[in-house]
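Asker: Below are the structure tokens for one structure; questions will follow.
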Amino acid sequence: MSNILPQSNQSKPTVQLLDRTDGKQFLKFYLQQDTKAMLPVRQITEVLTIKFDRIVPIPQMPAWVMGVYNWRGDILWMVDLGHLMGFNPWYQKNANLSKHTAIVLSPDKEQGKSSRESNINLGLVVAQVEDIETLNVAEIQNPTGINIDSHLASFLQGYWLESSKEMIMVLNGQPIIAAMPNNTAA
Numbered sequence: 074m075s076n077i078l079p080q081s082n083q084s085k086p087t088v089q090l091l092d093r094t095d096g097k098q099f100l101k102f103y104l105q106q107d108t109k110a111m112l113p114v115r116q117i118t119e120v121l122t123i124k125f126d127r128i129v130p131i132p133q134m135p136a137w138v139m140g141v142y143n144w145r146g147d148i149l150w151m152v153d154l155g156h157l158m159g160f161n162p163w164y165q166k167n168a169n170l171s172k173h174t175a176i177v178l179s180p181d182k183e184q185g186k187s188s189r190e191s192n193i194n195l196g197l198v199v200a201q202v203e204d205i206e207t208l209n210v211a212e213i214q215n216p217t218g219i220n221i222d223s224h225l226a227s228f229l230q231g232y233w234l235e236s237s238k239e240m241i242m243v244l245n246g247q248p249i250i251a252a253m254p255n256n257t258a259a
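According to the numbering used here, the sequence shown holds residues 74 to 259 in order.
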């Protein structure tokens, strides 16, 4: 019996894959209308849309701690990320105040710990999530050469310049978690 399919001497096309060592993925979002920031995707568990009335305020907390939210049966501390970093609080912004976009930050996930293991998760309320950007880590600039408030600088890994020359802050989740008051640990 002869082979019905024609034989080809051509080799299969090669597929060029992104070398994972070249790029790292970051979630790009707005802290406020004119301020963009990014967090490593590996430190993020999920992005949520939360109704304002589902956040339960907790007394005697810093003003940037909005309260707690029931997330998958666990307590998720909700933080106004912009306010924590020195920007105007969420309630002073011209935005829809009935719903919030929150990024669930789990920085220990990057080290291979599960969220159950580390039990550190924060809901970071931001103005809007934009997209995921893959960056060469070498393109992240050191923030020491620019004029930035020292409080804000403590949360920065650096900054990245988009092709439009717009500066985007690259944040580190560990200092954000460390800023939480000690009595919030689960």
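All C-beta atoms, glycine included, are put in the ideal place defined by N, C-alpha and C.
Going by other Cβ atoms of all chains shown within 10 Å of its Cβ, with 16 needed for buried, is N194 buried or exposed?
Answerer: Taking the sequence shown and counting its residues from 1, one reaches residue 194 at position 121. Label assigned to N194: buried.
Asker: Could you pull out every unbroken alpha helix (DSSP H) segment of at least 4 residues lying fully inside the region 85-155, listed in chain order?
Answerer: Here no run is fully enclosed.
Asker: Do the region 97-110 and the region 194-211 meet, that is, are 3 or more Cβ pairs less than 8 Å apart?
Answerer: The answer is yes - the region 194-211 touches the region 97-110, with three or more Cβ pairs under 8 Å.
Asker: Could you spell out the range, first to last residue, of the alpha helix (DSSP H) harbouring A175?
Answerer: For the purposes of this step, residue 175 is taken as residue 102 along the sequence shown, with counting starting at 1. Run containing A175: none in the alpha helix (DSSP H); it sits in the beta strand (DSSP E), 172-178.
Asker: With DSSP as the reference, label G231 as helix, strand or coil.
Answerer: As a first step, residue 231 must be located in the sequence shown, where it is residue number 158. Of the three classes helix, strand and coil, the one that applies to G231 here is strand, per DSSP.
Asker: Note down, in chain order, each residue of its chain lying with its Cβ closer than 7 Å to the Cβ of D153, except the 5 sequence neighbours on either side.
Answerer: If you number the sequence shown from 1, residue 153 lands on position 80. Excluding sequence neighbours, D153 sits near W137, M139, P162, W163, V198.
Asker: What's the call for Q116, buried or exposed, on a 16-neighbour Cβ count within 10 Å?
Answerer: The residue labelled residue 116 in the question sits at position 43 within the sequence shown. Buried, because 16 or more other Cβ atoms sit within 10 Å of the Cβ of Q116.
Asker: So, with DSSP's three-state summary, where would you put I249?
Answerer: For the purposes of this step, residue 249 is taken as the residue at position 176 of the sequence shown. Looking at I249 - three-state DSSP - the assignment turns out to be helix.
Asker: Say whether the region 221-228 touches the region 121-128, bearing in mind that this needs 3 or more beta-carbon pairs closer than 8 Å, one atom from each stretch.
Answerer: Output reads no: the region 121-128 does not touch the region 221-228.
Asker: Restricting to Cα atoms, I'd like to know which of M151, A252, E212, I249 is closest to K238.
Answerer: Stepping through the sequence shown from its first residue, residue 238 is reached at position 165. The residue with the shortest Cα to Cα distance from K238 is E212.
Asker: Could you tell me how far apart the beta carbons of L244 and L234 are, in whole angstroms, since I believe they sit closer than 8 Å?
Answerer: Counting from one through the sequence shown, the residue named residue 244 turns up at place 171. Counting from one through the sequence shown, the residue named residue 234 turns up at place 161. The Cβ separation is near 16 Å, so there is no contact.
Asker: So for D222, helix, strand or coil by DSSP?
Answerer: Mapped onto the sequence shown, residue 222 falls at position 149. Looking at D222 - three-state DSSP - the assignment turns out to be coil, as it is neither helix nor strand.
Asker: Skipping 5 residues on each side, what residues in its chain have a beta carbon closer than 8 Å to that of V141?
Answerer: The residue given as residue 141 occupies position 68 in the sequence shown. For V141, where only same-chain residues beyond five positions count, the Cβ hits under 8 Å are I128, V129, I131, I148, L149, W150, M151.
Asker: Using the C-alpha atoms, what's the distance from M253 back to T87?
Answerer: On the sequence shown, position 14 is the one that residue 87 refers to. On the sequence shown, position 180 is the one that residue 253 refers to. Low per-residue confidence applies at T87: pLDDT is 35, beneath 50, and the placement is therefore not dependable enough to give any value.
Asker: How many Å lie between Y103 and M134 at the Cα?
Answerer: Translated into the one-based positions of the sequence shown, residue 103 becomes position 30. Translated into the one-based positions of the sequence shown, residue 134 becomes position 61. Y103 and M134: Cα-Cα distance of roughly 24 Å.
Asker: Tell me the residue span of the beta strand (DSSP E) that contains I205.
Answerer: For the purposes of this step, residue 205 is taken as residue 132 along the sequence shown, with counting starting at 1. Note, I205: beta strand (DSSP E), 201-208.
Asker: Verify whether the separation of the beta carbon atoms of T118 and V177 is less than 8 Å.
Answerer: In the sequence shown, the residue the question calls residue 118 occupies position 45. In the sequence shown, the residue the question calls residue 177 occupies position 104. Against a cut-off of 8 Å, the Cβ pair of V177 and T118 comes out as a contact.
Asker: Could you tell me which residues DSSP puts in a beta bridge with I193?
Answerer: Here residue 193 refers to the residue found at position 120 when the sequence shown is read from its first residue. Looking at the DSSP assignment, I193 forms no beta bridge with any residue, so it has no partner.
Asker: From M25 to R145, what does the alpha carbon distance come to, in whole angstroms?
Answerer: Absent from the model: residue 25. The displayed extent of the chain is 74 to 259, so no value can be given.
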